[in-house]
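Protein chains in written order, with the working numbering: chain A, 14 to 506; chain B, 811 to 928.
Report on the structure given below.
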Amino acid sequence: MISSNLPALQIVIPLLSAPICVILRDRRIVWAFAQLITLFAFGCAVALTVQVLQTGPISYEIGNWQAPWGIEYRIDLLNAFMLIIVSAIGAITMPYARVSVAKEIPQERIYLFYTMYLLSMTGLLGIAITGDAFNLFVFLEISALSSYVLISLGEDRRALTAAYRYLVMGTLGATFYIIGVGLMYMMTGTLNMADLVGRLPGVAHTTTILAALAFITCGVSLKLALFPLHLWLPNAYAFAPSVVTVFLAATATKVSVYVLLRVFFTIFGGVDLFIDSHLADILMALALVGMFTMSAVAIYQKNLKRMLAFSSVAQIGYMVLGISFVSVLGLTGTIIHLFNHALMKGALFMALGCIVFRTGSVDIKDMAGMGRRMPVTMAAFVVAGLSMIGVPLTVGFVSKWYLVLAALEQDAWWIALLVLLSSLLAVVYIWRVIEVAYFRPVPEGAPPIKEAPLSMLLPMWLLTGGAVFFGVHSTLTVDIARAAATFLLGDRQ
Amino acid sequence: MEFPGHFNYWIVIVMMMAGFYVVISQGNLVKKVVGLNIFQVSVFVFYISMGKVDGGTAPIIHPDWTTYTNPVPSVLILTAIVVGVATTALALALVVRIRRAFGTIEDDEIEAQEEAQS
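Given below as structure tokens:
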């Protein structure tokens, strides 16, 4: 009974527990409750993945309304993997959140933080699980609206303007998406993704469908902050509370990349519009430009959270690059990087959150001697930073390896070269921090600071450890990513 | 008959572009929200126009009628309207907070203050 209704529980439990947080009020109880719910969501995602691995894709009809008329949740290996990423990060961030949130968010607003956190997670899980194009829009907006609120909870007043700008851009993006869905509905009369696959080939030659693809790509690209549509992201990440940055950086843009994968290779899987319209070439060009310019901009940032935010935009370039190859190797690179980037960016932002917790600053000039003042935190930053660069034995290497292989497979050696060159830029911006933290003396008269509390260090090292573990034992995740990529491409390979 | 037949869609495009232009060109944060609303409403009109069937009536089963308008787009738009209202409310709430924090709701003045701060 429960196991057959897992897909619904995955969404309904976090969704309903969000308002319960408002009733509970007390910040300790709300935290414990939210932790419980996130763990439940994670367990649910794992159980669903096991089911998918055993029996193949699961289809679940919400309220027993038969698909394609009712809303269908359809879980294959790709979204099961996404569910695991989102819920795992959601659950790991929670123990970290308790002290960090108590420090950075005013007492009377803490319960609202957890409410919004759960809603945001619900939205992201919903995007991943749903098999209905319009339902996806609703979840997109649930996650987006709650993340605007989460960002605006930042201490700095610039968090408010960052949230406002994100709201304007995010709403434009989501509206573009429904215009695209509307155009598809006009031509096919269906919103169910699986049903769209069968019906699109009959009308694929029309300009209406071409316009639909253009609107959806443009809208989702705004959401995933593809260069040059990334303008909302740096300030939003820089001024949001640390926990929010950790959660959003590790999950939100990844889920949007998943939407792109779903649209290009499932919904438009039966037609070659993606290739014929040169969309793949355009995406490749944008991805490459984004990888370089954004890494270069990151080097000049004084605010380290902002620096990592620009690095995130560059990393999204890698994911989109993988999509633009339209090959099993390329998609494997993209899917594996979704997971790997969540691990390392989560760990890096957690390290900065620990530093903010003790010093209240993430400015590069305040990092002098941090390697001695907060050794455990900085060690995690270094390990995760090395992974960001793509050093062997870390997850960053695995992702880049597959992207390079995908490029070489198509004889695009210059792209392989560009991937390696852009990694050098990552060396510069990560090294900059290491240099200041380890080779500059602690400024005189600086107040002694303690290491961050254990409840923050443990989640951080869990992610950092994951970045090394899955770098060494890469077959675990690569197998899933490759199977998902093969499934997505179907007979197109 | 192409043009008059597609009258609704022309209106949709005009509204969409007008709204989009307001969002981009206006420096006042409240005016931007108004633009965003016009932009969203154009999509509502688009969906509802798309569901209209020539000579169709409201989708209530009745022996006198055989053609019905497609109710699905209208229902979808009910959802989208709710989302739109929530977005507008949140945007305006943020504008109130921005006004309290910066003392202005003009984009360029806020930007100048932000630059001075960093």
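Glycine residues also receive a C-beta, built at the ideal position from the N, C-alpha and C atoms.
Checklist entry - Around the C-beta of glycine 829 of chain B, are 16 or more other C-beta atoms found within 10 angstroms, so that it is buried, or is it exposed? => result In the second sequence, counting from the first residue as 1, residue 829 of chain B sits at position 19. Classification for glycine 829 of chain B: buried.
TODO: Would you list, in sequence order, the uninterrupted alpha helix (DSSP H) runs of no fewer than 4 residues that lie entirely inside the stretch 226-303 of chain A?
DONE: If we require 4 residues or more, the alpha helix (DSSP H) runs fully inside the stretch 226-303 of chain A come out as 246-252, 255-275, 286-289.
- Item | Identity of the residue in A:Val485, A:Gly183, A:Tyr109 nearest leucine 475 of chain A by Cα | What you label residue 475 of chain A is simply residue 462 of the first sequence in a count that begins at 1. Among A:Val485, A:Gly183, A:Tyr109, the Cα nearest to that of leucine 475 of chain A belongs to A:Tyr109.
Point to revise | Residue span of the beta strand (DSSP E) that contains isoleucine 142 of chain A, given as start and end | key: Position 129 of the first sequence, counted from the start, is the residue given in the question as residue 142 of chain A. DSSP places isoleucine 142 of chain A in no beta strand (DSSP E) but in the uninterrupted alpha helix (DSSP H) bounded by 123-142.
Item to check | Per-residue DSSP class, three states only, for glutamate 117 of chain A | outcome: Your numbering for residue 117 of chain A matches position 104 in the first sequence. Helix, per DSSP.
**Prompt:** Looking at the structure shown, is aspartate 918 of chain B part of a helix, part of a strand, or coil, going by DSSP?
**Reply:** Here the question's residue 918 of chain B lines up with position 108 in the second sequence. Correct three-state label for aspartate 918 of chain B: helix.
Whole angstroms is fine: what's the gap from alanine 360 of chain A's alpha carbon to alanine 141 of chain A's?
Taking the first residue of the first sequence as 1, we reach residue 360 of chain A at position 347. Taking the first residue of the first sequence as 1, we reach residue 141 of chain A at position 128. Their Cα atoms are separated by approximately 23 Å.
What are the boundary residues of the alpha helix (DSSP H) that includes leucine 448 of chain A? For this step, residue 448 of chain A is matched to residue 435 along the first sequence. Before going on, a small fix: residue 448 of chain A reads as glutamate here, not leucine. Annotation for glutamate 448 of chain A: the continuous alpha helix (DSSP H) segment containing it runs 426-452.
Margin query: Can you check whether the C-beta of valine 151 of chain A is within less than 8 Å of a C-beta belonging to chain B?
Written below: Residue 151 of chain A sits at position 138 when you count from the first residue of the first sequence. True, the Cβ-Cβ gap to chain B drops below 8 Å.
Which residues bound the beta strand (DSSP E) around serine 72 of chain A?
Counting from one through the first sequence, the residue named residue 72 of chain A turns up at place 59. According to the DSSP assignment, serine 72 of chain A belongs to the beta strand (DSSP E) that extends over 71-74.
* **isoleucine 823 of chain B versus tyrosine 878 of chain B: straight-line alpha-carbon distance, rounded** => The residue labelled residue 823 of chain B in the question sits at position 13 within the second sequence. The residue labelled residue 878 of chain B in the question sits at position 68 within the second sequence. Going from the Cα of isoleucine 823 of chain B to the Cα of tyrosine 878 of chain B covers about 26 Å.
- Taking Cβ to Cβ, would you say alanine 322 of chain A is nearer than 8 Å to leucine 421 of chain A? Taking the first residue of the first sequence as 1, we reach residue 322 of chain A at position 309. Taking the first residue of the first sequence as 1, we reach residue 421 of chain A at position 408. Between alanine 322 of chain A and leucine 421 of chain A, the CB-CB gap reaches or exceeds 8 Å.
| message | So if DSSP puts aspartate 145 of chain A in a beta bridge, which residue, or which two residues, is it bridged to? | response | The residue you call residue 145 of chain A lines up with position 132 of the first sequence. A:Asn205, per the DSSP bridge assignment.
Inter-residue CB distance, phenylalanine 147 of chain A and glycine 136 of chain A (contact presumed, cutoff 8 Å)
Locating residue 147 of chain A in the first sequence gives position 134, where the first residue counts as 1. Locating residue 136 of chain A in the first sequence gives position 123, where the first residue counts as 1. With a contact defined as Cβ atoms closer than 8 Å, phenylalanine 147 of chain A and glycine 136 of chain A miss out at about 15 Å.
Length of the line joining the Cα atoms of isoleucine 493 of chain A and glycine 330 of chain A
Within the first sequence, numbered from 1, the residue matching residue 493 of chain A stands at position 480. Within the first sequence, numbered from 1, the residue matching residue 330 of chain A stands at position 317. Distance between the alpha carbons of isoleucine 493 of chain A and glycine 330 of chain A is about 22 Å.
Does DSSP classify proline 27 of chain A as helix, strand or coil? Indexing the first sequence from 1 puts residue 27 of chain A at position 14. Proline 27 of chain A: helix per DSSP, three-state reduction.
**Message:** Any beta carbon of chain B sitting closer than 8 Å to that of glycine 195 of chain A?
**Reply:** Your numbering for residue 195 of chain A matches position 182 in the first sequence. Output row for glycine 195 of chain A: interface = yes.
Below 7 Å between beta carbons is the criterion; list the residues of the stretch 825-840 of chain B that meet it against any residue of chain A, in chain order.
Under the 7 Å Cβ criterion, the stretch 825-840 of chain B contributes Val833, Leu839.
CB-CB under 6 Å to leucine 158 of chain A, same chain, minus the five flanking residues each way: which ones, in chain order? Locating residue 158 of chain A in the first sequence gives position 145, counting from the first residue. The answer is none, since no qualifying residue turns up.
CA-CA distance, tyrosine 831 of chain B and leucine 22 of chain A? Residue numbering aside, residue 831 of chain B sits at position 21 when the second sequence is read from its first letter. Residue numbering aside, residue 22 of chain A sits at position 9 when the first sequence is read from its first letter. Between the C-alpha atoms of tyrosine 831 of chain B and leucine 22 of chain A there is a straight-line separation of about 42 Å.
Problem - Beta-carbon separation (whole angstroms), glycine 167 of chain A vs alanine 262 of chain A, contact threshold 8 Å - result: For this step, residue 167 of chain A is matched to residue 154 along the first sequence. For this step, residue 262 of chain A is matched to residue 249 along the first sequence. 14 Å between Cβ atoms; not a contact.
**Asked** What residue from A:Val284, A:Thr230, A:Arg386, A:Ala225 has the CA that sits closest to proline 461 of chain A's CA?
**Response** Taking the first residue of the first sequence as 1, we reach residue 461 of chain A at position 448. Of the listed residues, the one whose Cα sits closest to proline 461 of chain A is A:Arg386.
- Does the distance from the C-beta atom of phenylalanine 240 of chain A to that of valine 341 of chain A stay below 8 Å? Within the first sequence, residue 240 of chain A is the residue found at index 227, counting from 1. Within the first sequence, residue 341 of chain A is the residue found at index 328, counting from 1. Contact flag unset, no.
Tell me which same chain residues have a C-beta within less than 6 Å of the C-beta of threonine 128 of chain A, skipping the five on either side of it?
Here residue 128 of chain A refers to the residue found at position 115 when the first sequence is read from its first residue. Only Ala31, Cys34, Val35 meet the Cβ criterion.
Practice problem: Return no unless some Cβ of chain A is closer than 8 Å to the Cβ of phenylalanine 817 of chain B. | Solution: Residue 817 of chain B sits at position 7 when you count from the first residue of the second sequence. It does not; no Cβ of chain A falls within 8 Å.
First through last residue of the alpha helix (DSSP H) which encompasses tyrosine 415 of chain A: Position 402 of the first sequence holds residue 415 of chain A. Counting along the chain, the alpha helix (DSSP H) containing tyrosine 415 of chain A begins and ends at 408-422.
- Report yes or no: do three or more beta-carbon pairs, one from the stretch 396-404 of chain A and one from the stretch 351-360 of chain A, lie closer than 8 Å? With a cut-off of 8 Å, the stretch 351-360 of chain A and the stretch 396-404 of chain A count as touching, because enough Cβ pairs lie within range.
ask   = For the stretch 151-178 of chain A, which residues have a CB atom closer than 9 Å to at least one CB atom of chain B, in sequence order?
value = Only Val151, Glu154, Ile155, Ala157, Leu158, Tyr161, Val162, Ser165, Asp169, Arg170, Arg171, Leu173, Thr174, Ala176, Tyr177 from the stretch 151-178 of chain A bring a Cβ to less than 9 Å from some Cβ of chain B.
Three or more C-beta pairs below 8 Å linking the stretch 444-462 of chain A and the stretch 375-395 of chain A
The stretch 444-462 of chain A, when compared against the stretch 375-395 of chain A, does touch it at the 8 Å Cβ threshold.
Worksheet item: Out of A:Thr258, A:Met297, A:Thr499, A:Asn205, which has the shortest C-alpha to C-alpha gap to glutamine 79 of chain A?
Response: As a working mapping, residue 79 of chain A is identified with position 66 in the first sequence. Of the candidates A:Thr258, A:Met297, A:Thr499, A:Asn205, the one whose C-alpha sits nearest the C-alpha of glutamine 79 of chain A is A:Asn205.
Exercise for the section: Taking only beta-carbon positions, decide if methionine 811 of chain B is within less than 8 Å of chain A. Expected result: Sequence index remark: in the second sequence, residue 811 of chain B carries index 1 (1-based). In this predicted model, methionine 811 of chain B has a pLDDT of only 48, less than 50, meaning its place in the structure is not dependable; the value taken from the coordinates is given anyway. Cβ-Cβ to chain A under 8 Å: no for methionine 811 of chain B.
Once DSSP output is grouped into helix, strand and coil, what is the label at tyrosine 831 of chain B? Here residue 831 of chain B is taken as the residue at index 21 of the second sequence, counted from 1. Assignment of tyrosine 831 of chain B by DSSP, reduced to helix, strand and coil, places it in the helix class.
- Message: Counting C-beta neighbours from all protein chains within 10 Å, is the total for tryptophan 44 of chain A 16 or more, i.e. buried, or is it exposed?
- Response: Counted from its first residue, the first sequence places residue 44 of chain A at position 31. Buried is the call here.
Requested in this report: Return the residue from the list A:Val411, A:Ser436, A:Val440, A:Val446 that minimises the CA-CA distance to valine 481 of chain A.
Outcome: Position 468 of the first sequence, counted from the start, is the residue given in the question as residue 481 of chain A. Among A:Val411, A:Ser436, A:Val440, A:Val446, the Cα nearest to that of valine 481 of chain A belongs to A:Val411.
Requested in this report: Determine the DSSP secondary structure at aspartate 39 of chain A, reduced to helix, strand or coil.
Outcome: Stepping through the first sequence from its first residue, residue 39 of chain A is reached at position 26. Correct three-state label for aspartate 39 of chain A: coil.
Legend entry - tyrosine 857 of chain B versus isoleucine 164 of chain A - alpha carbon distance: The sequence position of residue 857 of chain B within the second sequence is 47, counting from 1. The sequence position of residue 164 of chain A within the first sequence is 151, counting from 1. Distance between the alpha carbons of tyrosine 857 of chain B and isoleucine 164 of chain A: 32 Å.
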